[in-house]
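Colleague:
2 protein chains.
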Amino acid sequence: MYRAPVDEIAFTLKHVTGFGADLDAGRFGDLSEDLVDAIIGEAGRFASEEIAPLAKVGDEKGAVLKDGTVTTPQGWADLYRRWCEGGWNGLAAPEEFGGQGLPTLLSVATMEMWNSGSMAFAIGPTLTIGAIEALEKHATPELQKTYLEKLVSGEWMGTMNLTEPQAGSDLNALKARAEPVGDGTYRIFGQKIFITYGEQDFTDNIVHLVLARLPDAPAGTKGISLFLVPKYLVHENGTLGERNDVFCASMEHKLGIHASPTCTMIYGDGKFGETPGAVGWLIGEENRGLACMFTMMNNARLAVGMQGVGIAEAATQKAMSYAQERRQGRAAGAPKDGGMSPIAEHPDIKRTLLTMKAETQMARAITYACGYAIDRARLGEGDEAKAWQARADILTPMAKAFSTDVGVEVASLGLQVHGGMGYVEETGAAALYRDARIAPIYEGTNGIQAIDLVMRKLPLEGGEAVAALIKELRADQKAAHAASSLGKTGERLAAALDDLEAATGFMTEALSNGQVNEALAGATPYLRLFSLVIGVAFNARAACGNENSGHAALVRFMAENLLGETGALRQRVTEGAASLDAAADALLSV
Amino acid sequence: MYRAPVDEIAFTLKHVTGFGADLDAGRFGDLSEDLVDAIIGEAGRFASEEIAPLAKVGDEKGAVLKDGTVTTPQGWADLYRRWCEGGWNGLAAPEEFGGQGLPTLLSVATMEMWNSGSMAFAIGPTLTIGAIEALEKHATPELQKTYLEKLVSGEWMGTMNLTEPQAGSDLNALKARAEPVGDGTYRIFGQKIFITYGEQDFTDNIVHLVLARLPDAPAGTKGISLFLVPKYLVHENGTLGERNDVFCASMEHKLGIHASPTCTMIYGDGKFGETPGAVGWLIGEENRGLACMFTMMNNARLAVGMQGVGIAEAATQKAMSYAQERRQGRAAGAPKDGGMSPIAEHPDIKRTLLTMKAETQMARAITYACGYAIDRARLGEGDEAKAWQARADILTPMAKAFSTDVGVEVASLGLQVHGGMGYVEETGAAALYRDARIAPIYEGTNGIQAIDLVMRKLPLEGGEAVAALIKELRADQKAAHAASSLGKTGERLAAALDDLEAATGFMTEALSNGQVNEALAGATPYLRLFSLVIGVAFNARAACGNENSGHAALVRFMAENLLGETGALRQRVTEGAASLDAAADALLSV
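Chains D and V are the protein sequences, given in the same order.
The opening position of the first sequence corresponds to residue 1 in UniProt numbering, with each subsequent residue numbered one higher.
The opening position of the second sequence corresponds to residue 1 in UniProt numbering, with each subsequent residue numbered one higher.
Following this line, the structure appears as structure tokens:
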């Protein structure tokens, strides 16, 4: 059973990022290290003791749709209620609306734990957090007054409605429409698919944020507006009124996260109310809906990255515990009369378990650094804030894509460690392998993250933002070189940084020469290359200033066993496109 | 829907291996190229038109156990009957017992197609093929007379019973026992788990091959004997008699291959017959059961390798077909007024699809070369036969481990190409991802394959067998260097061969110095390194002598985009053990 790794989380929080020093310096106001530790500890307890025990019933029973009503598995609605009572839903939400106003970084750390407990559970509130952000930044005071407090307390949940059958990665093709009524409200019509927790039995009301087009809207993404569409209309006194004209028409039968209802939502079918059309309110400006949605989406991408970290941690723990119990064969060097050894003593299993631990910690470092950059951007001013925002922007696609790839890889390795028992559902290793697989897909596929990194993040501030990050990584490398506990980490990081700079140079030149296809062809290996370097360098940074022999040994393992991949990735980026084009012409033409 | 890639299969058969030249030279007797093509074509038709359409019901309904009886999904028993009528079960079986005596290589090629059609279906007959081999080589003429013809025709199926709860990878711990009755029969007692098709409704009788210990047997693997235990005893005239004392007590609830019943078998519980104990007959010599079982196991490992290739091919086709239909975004360079492009035109998706195609073809080359080596060993004499047997022995762990890792990787990439639809079970991409995951585990985990390669195969003939293979690969490299259609393949292969030789040298030295743990720590990366080089070199070989521009372009893609990984793998092998040990001491000690 999962036990939240509160020490590793606290260590990463404080030493991979500058958060520890900031707390000492009072940069986060009254927030003290003790309070941070207490929050992490209590979240760890809740995730381990309350969420994790309900993961299995969630997977086995799943959410059930009947007559438009979704029933979540036994105990789940109550779990959600207790989770909200703990104040977890509003952890980083504004105090004005009842939140605790704590740093995003703390929210990130707790999200890791909720996801380790159960990804199907954790994903629901994640959408609410996104809705809170969008309303806080873009909604009118009236809408804020009606909805924000209940979303922050968790009394109501929020959803994000983007995807339509013909419009997934490409929102240009979006068709849902909104007709202005003239009284400030709109009537929304259309079908949305893959809506997470689109219908559920946790809360009395559900606040749908829906992308749709106004009648006179320009084509493409510049003609998309964002609307708030509640399941039940809300009276002025805050009580619930009529059912709105939106319902869940079907639910997907998915590979994993079975307890998370993935709904097809129908707006404006005339099923409810006298006038057809779901009543909605505009959020932000007309035709600027995508910008509002991106507010949510960036943080949602980091949140999905936390799913990767959470699953990877849970899979690693499960595999380690199995490998320490299960005995097969006698390890070389084990006493002759000691019988069979725990499989954790066999070198090949050691390699597997350490690879799992190392990849998880690399993803943790990148995601936490991203959360920290978001906080610093919010706290800072002027150029400093801008620099931190750029850092967050650069790290976000890596936090999402690298971590979710790691989630899948580590869950797969964890299943493998269990041998035949891993393939049997009873063990739970297979459920992690199934759950993990959605994270590289939603909130922008990992391919789209890589494209985002190359096409939008590399050019930030004329390339200076990425250059500043690489300069920091070089400093980490130098420090690692001087650290005796880190073995060849300094040497390996130096080579990997050369690979990163060569690949970055290639990308920058390709973009400035208009060779877009060459750049795009290398986007995925580039993202992985960048992430590996950051994952090792940031962890090495933490190892340098702080005594933690386990962490130092893990960093050395990362550098000496995992980082070598950067050479091949660099080659794919800088020299891979020609053979890719030739093979695509020969083999992929329709 | 899957269409058997008969041209690629025929090309690989003939040109990756020496089979094409052998046919011309008459080395395979009357077997002509036309007949080979006809067999591949008809197998392709059967796999595409008869097996593949039943895969979905197999996955969705699965096999069902009730009161000790297993019911396979609707249509499956009839599918099996038609498959046997086609003569496929006895394709490579001895003519003396009704088989067609065709080369193992053809059996390998057809197995790929059965597995692409449905892995849950294909795995059943695979076990029968193993049982046929074991009986042919080790059973008494009486047992052969009673059982072989019916196993070859497919009227009865065979099973392999090794695993017990405490004895999986380590058969030393095996407990099932066999008591001699005195009349030449034995009574078998014990529990066996994970028995594939241990109970089914395809055939009237089931021939279980069971490992068990005689009363006076030495401890460990030198005290294990092999027994034939039929579900129903057989009268002298060949008709079925009494039910034997063996039954299926439960069936696993698995991640995938749902239609393949995975049974817990109980022997000698007294449930059937008057005297407790399942009646069994010794196969081969007492206490030499493991040697007999290894006869089956080596070929079973290659057969599992074919599951990897089969799944990878099916996943690649499914993803390519989806990517050519699904339109999202406009690819750079596409006409402005052409609307959204098929996603197959986006460079990142091209990379994914080509990686899938390339990895599949690399695994195909290794497995087919292994099948060919088995044939040459059987046909040859003296030193030649010995050399080919050593080649088969070396290739077997790579055929098993590399191909099944590829199966998982490619199925995962294929699911990713489908985006959100891939996560929905309806599409079938998720089913391939689930099915693929068992293959790296059973018939010896991939970790054990790597250990086998390093500990038992590297030392073959004092290292000369591996040296001879590497010499051949060097010749392939030289030829590739001279081939203008192969881009930088020659150059990249040269570097990769240097990596392979360095890693091989390290392993050889570690073993000769008694540094077993150092060698074992690098076994898995060493297997992958060796496999990548072979996969590219063997395919380059085929590309050099034959006009096939698609194949040449794919080889170039392999070399320029995938082969670069060998540098990191070499580093892991030659320098990875120290940090692995240090991290294991710090983090994995119980």
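We put the beta carbon where it would ideally sit given N, CA and C, even for glycine.
Source: prediction; values computed, not measured.
Grab me the residues of D/W388's own chain with a C-beta within less than 6 Å of its C-beta, minus the 5 sequence neighbours each way, in chain order.
Modeller: Within the same chain, D/W388 has close Cβ partners A373, R376, A377, G380.
Colleague: D/E252 touches chain V at which residues, Cβ-Cβ below 9 Å?
Modeller: The contacting residues are G420, Y423, V424, E425, E426.
Colleague: I think D/M398 touches D/I366, with their Cβ atoms under 8 Å apart; what is that distance to the nearest whole Å?
Modeller: That pair is a contact at about 6 Å.
Colleague: Taking only the alpha-carbon atoms, compute the straight-line gap between D/D216 and D/G223 and give it to the nearest angstrom.
Modeller: Distance between the alpha carbons of D/D216 and D/G223 is about 8 Å.
Colleague: Hey, is V/Y442's beta-carbon within less than 8 Å of any beta-carbon in chain D?
Modeller: So yes, V/Y442 belongs to the interface.
Colleague: Using CA atoms only, rank isn't needed, just tell me which of V/A540, V/L588, V/A523, V/S153 is closest to V/E575.
Modeller: The shortest Cα separation from V/E575 among V/A540, V/L588, V/A523, V/S153 belongs to V/A523.
Colleague: Taking buried to mean at least 16 other C-beta atoms within 10 Å of its own C-beta, is D/Q74 buried or exposed?
Modeller: Classification of D/Q74: exposed, given that the 10 Å Cβ count is below 16.
Colleague: Who are the neighbours of D/M293 on chain V, taking C-beta pairs under 8 Å?
Modeller: Going along chain V, no residue has its Cβ under 8 Å from D/M293, so there is no contact; the nearest lies around 17 Å.
Colleague: Does D/M1 have its Cβ less than 8 Å from a Cβ in chain V?
Modeller: False, the Cβ-Cβ gap to chain V never drops below 8 Å.
Colleague: Straight-line CA distance for D/Q328 to V/V516?
Modeller: Taking the straight line from one Cα to the other gives about 18 Å.
Colleague: Drop a sphere of 10 angstroms on the beta-carbon of D/E359, count the other beta-carbons inside from all chains shown, and report buried for 16 or more, exposed for fewer.
Modeller: Buried, since its Cβ has 16 or more Cβ neighbours within 10 Å.
Colleague: Considering just the uninterrupted stretch of the alpha helix (DSSP H) at D/E575, what are its terminal residues?
Modeller: Here the alpha helix (DSSP H) through D/E575 covers 566-575.
Colleague: Quick one, which residues of the stretch 187-218 of chain D are near chain V if we go by CB-CB under 7 Å, in chain order?
Modeller: So the list reads F194, given in the order they occur along the chain.
Colleague: In chain order, what residues of the same chain have a beta carbon less than 8 Å from the beta carbon of V/A173, not counting five sequence neighbours either side?
Modeller: These residues qualify, in order along the chain: E164, Q166, A167.
Colleague: According to DSSP, is D/H481 helix, strand or coil?
Modeller: It is helical.
Colleague: Do the stretch 1-11 of chain V and the stretch 45-52 of chain V meet, that is, are 3 or more Cβ pairs less than 8 Å apart?
Modeller: Yes, since at least three Cβ pairs between the stretch 1-11 of chain V and the stretch 45-52 of chain V fall closer than 8 Å, the two stretches touch.
Colleague: Is the stretch 293-301 of chain D touching the stretch 95-102 of chain D, taking contact as three or more C-beta pairs under 8 Å?
Modeller: The answer is no - the stretch 95-102 of chain D does not touch the stretch 293-301 of chain D, with fewer than three Cβ pairs under 8 Å.
Colleague: Are any of the Cβ atoms in chain V nearer than 8 Å to that of D/M157?
Modeller: Closer than 8 Å: no.
Colleague: Alpha carbon to alpha carbon, how far is D/E518 from D/A577?
Modeller: Whole-angstrom Cα-Cα distance: 6 Å.
Colleague: Taking the beta carbon of V/R82 as the centre, do at least 16 other beta carbons fall within 10 Å, making it buried, or is it exposed?
Modeller: It counts as exposed.
Colleague: What residues are listed by DSSP as bridge partners for residue 648 of chain D?
Modeller: The structure shown does not extend to residue 648 of chain D, since chain D is modelled only from 1 through 590, so no value can be given for it.
Colleague: Would a check of beta-carbon distances place D/I349 closer than 8 Å to chain V?
Modeller: Yes - at least one Cβ of chain V is within 8 Å of the one on D/I349.
Colleague: Entirely within the stretch 313-365 of chain D and at least 3 residues each: give me those beta strand (DSSP E) ranges in chain order.
Modeller: None, since the stretch 313-365 of chain D contains no complete beta strand (DSSP E) of that length.
Colleague: Quick one, are the C-beta atoms of V/A369 and V/T126 less than 8 Å apart?
Modeller: Contact flag unset, no.
Colleague: Please report whether the beta-carbon of V/S403 lies at a distance below 8 Å from any beta-carbon of chain C.
Modeller: Of the chains in the structure shown, none is chain C; the protein chains are D and V.
Colleague: Give, in chain order, every unbroken run of the alpha helix (DSSP H) that is at least 4 residues long and sits entirely within the stretch 109-176 of chain D.
Modeller: Counting only runs of 4 or more, we get 119-138, 141-153.
Colleague: Taking the continuous alpha helix (DSSP H) assigned at V/G277, which residues delimit it?
Modeller: First-last for V/G277: undefined, no H or E at that position.
Colleague: Is the beta carbon of D/V573 closer than 8 Å to that of D/F506?
Modeller: Cβ distance < 8 Å, so D/F506 and D/V573 count as in contact.
Colleague: Who pairs with D/S107 in a beta bridge, going by DSSP?
Modeller: Partner(s): none; D/S107 has no beta bridge.
Colleague: Taking C-beta to C-beta, are V/M160 and V/T203 nearer than 8 Å?
Modeller: Not in contact: V/M160 and V/T203 (Cβ atoms no closer than 8 Å).
Colleague: With a threshold of 8 Å between beta carbons, is D/L290 in contact with chain V?
Modeller: Not closer than 8 Å to any Cβ of chain V, the Cβ of D/L290 fails to qualify, so no.
Colleague: Would you say D/V533 reaches chain V, if we count a Cβ-Cβ gap shorter than 8 Å as a contact?
Modeller: Answer no: the Cβ-Cβ gap between D/V533 and chain V never drops below 8 Å.
Colleague: Should the stretch 479-499 of chain D be called in touch with the stretch 314-329 of chain V, which here means at least 3 C-beta pairs below 8 Å?
Modeller: Contact fails: fewer than three Cβ-Cβ distances are below 8 Å.
Colleague: So, for D/H346: in the same chain, excluding its five sequence neighbours on each side, which residues have a beta-carbon less than 6 Å away from its beta-carbon?
Modeller: If we look at D/H346 and ignore the five residues flanking it on each side, its Cβ neighbours are A331.
Colleague: Identify the residues that DSSP records as bridge partners of V/K192: which are they?
Modeller: For V/K192, which the question treats as bridged, DSSP gives the partners V/M265.
Colleague: Could you check which residue in D/Y423, D/I349, D/G567, D/A537 has the C-alpha nearest to that of D/L486?
Modeller: Out of D/Y423, D/I349, D/G567, D/A537, D/A537 has the C-alpha closest to the C-alpha of D/L486.
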